[in-house]
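full-length UniProt numbering applies: residue 1 is where the sequence shown begins, and numbers increase by one.
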Amino acid sequence: MLRIGMLTSGGDCQALNAAMRGVFKGVMNNAKEPVEFYGFEDGYKGMINSRFRLLTEDDFSNILTVGGTILGTSRTPFKEIHNPLPDGRDKVECMKQTYYKLQLDCLVMLGGNGSAKTANLLSEEGLNVITLPKTIDNDLWGTDMTFGFQSAVDIATRCIDEIHTTASSHGRVFIVEVMGHKVGWLPLNAGIAGGADIILLPEIPYDLDKIIDVIETRDRQGKRFTIMAVAEGAISKQDAQLSKKDYRKKLEKYTFPSVSYELADQITKKTGREVRVTILGHIQRGGTPVAYDRVFASRLGAEAARLILKKKYGVMVAYKNREMTTVPLAEVAGKLKYVDPNAEIIKEAKSIGISFGD
């Protein structure tokens, strides 16, 4: 008997169900022995509190196109993983006990960077673990692509598309805030696809005067509006020069809901222009996965199934140079894949007139 546990951890995204379906079908269609799949409810919390259910073929029927996750998810911050539960229990020991109680041969975890840290810890504790790269931010180190990213880009792009007509009608500056706290792949791609005039990323600190220069240049050219795609983690050159301590102190006194509102206030005061802010928020995580993500997540799941049957553990399934491969969990944990300010995509975007505020 082959027993496999599965959980989804961290923020949800499109194609989680498609990826789990790929794992299930890949194992069931190729295993030479009976198989049992157990799904843990609400991420690592389900494993900690031994909340699980036996998964059957019916659970994976008609979920290829469904967003979210049939298992539920939650955040279990790695920095708190060694903090005891309210009743004094050790979280890691609880997860190990659940794993051994179910006599699992492998745990499959679908999650992002923080979740990968916990997966690596469990691997170091002796559990057989395989992870799949999930995040709309596409910021997992070791893989060219994560599932959920293309769907989120598509949603954010459509939203920027819709903003164009109202921005042009009223002759306004519109700031569209896109998810991306530390890494800017999502606003970068959505900004280019949506025809944004200015894109601000966490990796490229911006100069307010450069942004205003773009807006005023467009005005002189008879272009009534400006569209800005701004990462939620965008930062000014002045703030980027602050120490972490001083920057935290500034944030403690911060009066704006987000950087976009601060930018809107600054632009209005310096130019007198009407500025409107649209926060896309969690809409970027929701809805039906696009075709790319359905295919990609299915491939990742199939590759995870192959690894399970080969008993190759302690790895993340990755996508490099258009091929499926693996990366040791120890190399993935704690690393992010940032946008290189000198990357070709940045140079190409600048060559077609997009400003990054630098």
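No residue lacks a Cβ here, since even glycine has one placed at the ideal position from N, Cα and C.
- Taking 3 residues as the shortest admissible run, the region 60-141 contains the following complete beta strand (DSSP E) segments, listed from N- to C-terminal end: 106-111 and 129-133.
- Per DSSP, the continuous alpha helix (DSSP H) segment holding residue 47 begins and ends at 44-48.
- Per DSSP, the unbroken alpha helix (DSSP H) holding residue 292 starts and ends at 291-310.
- Short of 8 angstroms from the beta carbon of residue 55, and not among the five residues preceding or following it, lie these beta carbons of its own chain, in chain order: 6, 24, 37, 38 and 39.
- In this structure, the CA atom of residue 131 is about 6 angstroms from the CA atom of residue 108.
- Taking C-beta separations shorter than 7 angstroms and ignoring five residues to either side along the sequence, the partners of residue 105 in its chain run 2, 3, 4 and 128, following chain order.
- Here residue 354 is not near residue 215, since their CB atoms are 8 angstroms or more apart.
- For residue 175, the enclosing beta strand (DSSP E) begins and ends at 173-178.
- Minimum Cα-Cα distance from residue 276 among the listed residues 284, 261 and 286 corresponds to 261.
- For residue 225, there is no enclosing beta strand (DSSP E), as DSSP marks it with neither H nor E.
- In this structure residue 200 is buried. Its beta-carbon is surrounded by 16 or more other beta-carbon atoms within 10 angstroms.
- Cβ contact annotation for residue 186 (same chain, cutoff 8 angstroms, sequence separation greater than five): 136, 137, 138, 149, 152, 153, 156, 178, 179, 180, 231 and 284, in chain order.
- Take residue 159, set aside five residues on each side of it, and the residues of its chain with a beta-carbon closer than 6 angstroms to its own are 280, in chain order.
- In this structure, the beta-carbon distance from residue 163 to residue 76 does not fall below 8 angstroms.
- Annotated as distal: residue 330 and residue 18, with beta-carbon spacing of 8 angstroms or more.
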